[in-house]
Structure formats: structure tokens, C-alpha cells
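Undergrad: This is the structure I want to talk about, given as C-alpha cells.
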Amino acid sequence: MGATRTRLLWSCLLLLLALLHESGSQDLTCMVSPSNVDWTETFNDTCLNFSGLGLSLPRTQPLQASHLQVLDLSRNGLQGLPGVFFANLGKLQTLIVTHNPLAIVDQSLALRCDLELRADCSCGLASWHDIRWNNCSGEQELLCLHPDTGAPRNLSTFLQASCPLRLAPGIIGALVAGTVFLAMVVSGSVLAWRLRRHQGASIQGLSKDQSSHNVPRQVTDFHPRHSSQPLGPKALDTNSDGSTLDYENVFIGELDEDCPWAAPR
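According to mature numbering (1 follows the signal peptide of the UniProt record, and there is no 0), the stretch in the sequence shown is residues -25 to -1, 1 to 240, in order.
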């Protein structure tokens, strides 16, 4: 009798657990929507499943589903989650984007602290993690799912181990500004060097031109008026007209008697 009651109790307990599991699964699982999705259509569902349809999310068209609580976008090859698409989903509680090569998640989704994001562990969640961690007070540990097993992992631990080179937006901005400043300094230095070189070449060329103008030209067949060269015999004996020049020594005053050419008195 006691064994029968025990078995009945265990059966009821297992049935209750199965019902609870099924109820929880229904909250996060819904029928897959048709592949030809019209994003301008208005949906009144609380759960939409667009998994595996190969869809691309519009960047300028919001999804019209004001009652939506669960949205499954897994296995669509999505690389980003545009914020405009989720702008009208005020009641959204769970967003499933597993098996998508996400590179970036819009900041508006990270600021929704009540939104549960189910995504594979990847470095593309770094910005979402930083914004969520800095803006959601009392936030529990952020989780991501292993791509193969689906097991949950601590997102902070994963990013530190697998994405060691990731940088905060402020650091990235500082690096970009520093790179631009360095490029400007190098460009300015090169420009100044070229300008000085050009000015030096211009001054050197001008100096050469002035030097060439200041140097006297060599004149040929020029005879100076007073020449130190001795005159030839012809120049001493004859004039240009062929006459002979006679010279007479004339002395003024008395001559010294010792002079050989003095005449006897």
C-alpha cells in the first residue's frame, strides 16, 4: 500500500514537471513563420519565429508588433542587429539570435536592461557587454551560449580569454586621434623640409647668377695707357712718323763738381 502511494506520488511529480517544462517551452517557442515575410505587415502575436529563413533585417523599417514578447531570429546569417528594426517592440522580453555571425549589436538594445539576449559567444558582443555592464545597475552576470553545445558561459570571462585585444570605445577614439595627429606632424615636417630645400636651391641659384654678372669679362687686344712692359727698340728710336727723337739733358742750378758730366768751370 505504501509502495503504491509512493509510485503514484512520483508519477504525479513527473507529470507536473513535464507540464511545467512544456509550459516554459511554449513561452519561448512558437511556430515558424512563412519565408515570404512582409516587414510592413502588422503582427499581433506575442511570439514570432523567423528562424532559418535566411532573412535580412531592414535598417529603416521597424517591425510592427507591439504585443511581441519573444522573437526568434536564429540561423539567418545576421551580422548586425539594427536598432530601428526593434524600435516599436516595447514589450519584447527575449531576443534569440543564436547561430548568427554577429559583428555588432545596436546600442539601443544594450540599453534595454530588461531584454534578455540569447546569442552565441563571440567578440561581436563586446560593445553590447560594455554598454550593458556600465548602464544597467544590479545586472546579473551576462551569459552567452557555446555555439556547438549551447551551454551557457560567462560573457565577461569569454571576452577576456578569447578577445584580449578588444579596446573600449574611448581608447579606440584616443588611438585614432593620436594617429591623425602624428600623420599631421609628419606631413608638416616633410612639407617644411621641402620648402626649406626649395628656398635653399633658389638662393643658391640667385647667388650664382649674381656672381656671373659681377666677374669682369676678359678683354682681348686691350693695351693699357701706362704699361710696365719695356718698349722695344723701335719704340725708343722712332716715332710713329719715322723721325728720330733727340733728348737733351737740362740741369737747373749748380752741379756738384764730383759729377762726371759736370763741365769744368
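Glycine included, C-beta positions come from ideal geometry on N, C-alpha and C. Since the structure is predicted, the reported quantities are computational estimates derived from the model, not experimental observations.
Taking buried to mean at least 16 other C-beta atoms within 10 Å of its own C-beta, is histidine 121 buried or exposed?
TA: When all chains shown are included, histidine 121 counts as exposed.
Undergrad: Kindly indicate which three-state DSSP category leucine 43 falls into: helix, strand or coil?
TA: The answer is coil: DSSP assigns leucine 43 none of H, G, I, E or B.
Undergrad: Looking at the secondary structure, which residues open and close the beta strand (DSSP E) in which leucine 118 lies?
TA: Taken as a continuous stretch (DSSP letters only), the beta strand (DSSP E) holding leucine 118 covers 118 to 120.
Undergrad: Considering Cα atoms alone, identify which of Gln44, Gln39, Gly125 is closest to valine 59.
TA: The shortest C-alpha separation from valine 59 is found at Gln39.
Undergrad: Pull up the CB-CB distance for cysteine 119 and cysteine 96, whole angstroms please, since I reckon it's below 8 Å.
TA: With 8 Å as the limit, cysteine 119 and cysteine 96 qualify as a contact, their Cβ atoms being about 4 Å apart.
Undergrad: Any idea what DSSP makes of valine 80, helix, strand or coil?
TA: Here valine 80 sits in strand by DSSP.
Undergrad: Pick from Cys5, Asp89, Leu56: whose alpha carbon is nearest that of proline 33?
TA: That would be Leu56, whose Cα lies nearest to the Cα of proline 33.
Undergrad: Starting from arginine 128, trace the beta strand (DSSP E) both ways and give me its first and last residue.
TA: Element bounds for arginine 128: 127 to 129.
Undergrad: Please classify aspartate 123 as buried or exposed, where buried requires at least 16 other C-beta atoms within 10 Å of its C-beta.
TA: Exposed, by the Cβ-count rule.
Undergrad: Within a Cβ cutoff of 6 Å, which residues of the same chain sit near leucine 28, ignoring the five residues on either side of it in sequence?
TA: Ser10, listed in sequence order.
Undergrad: Tell me, please, which residues DSSP counts as bridged to isoleucine 106.
TA: Answer is none; isoleucine 106 lacks a bridge partner.
Undergrad: Smallest Cα separation from proline 37: which of Asn63, Arg172, Ile71?
TA: Considering only alpha carbons, the answer is Asn63.
Undergrad: Would you mind reading off the limits of the beta strand (DSSP E) that contains cysteine 22?
TA: Where cysteine 22 is concerned, the enclosing beta strand (DSSP E) stretches over 22 to 24.
Undergrad: Considering Cα atoms alone, identify which of Asn24, Gly153, Gly113, Thr35 is closest to threonine 15.
TA: Per the Cα distances, Thr35.
Undergrad: From glutamate 116 to valine 45, what does the alpha carbon distance come to, in whole angstroms?
TA: Near 21 Å, if we compare the C-alpha coordinates of valine 45 and glutamate 116.
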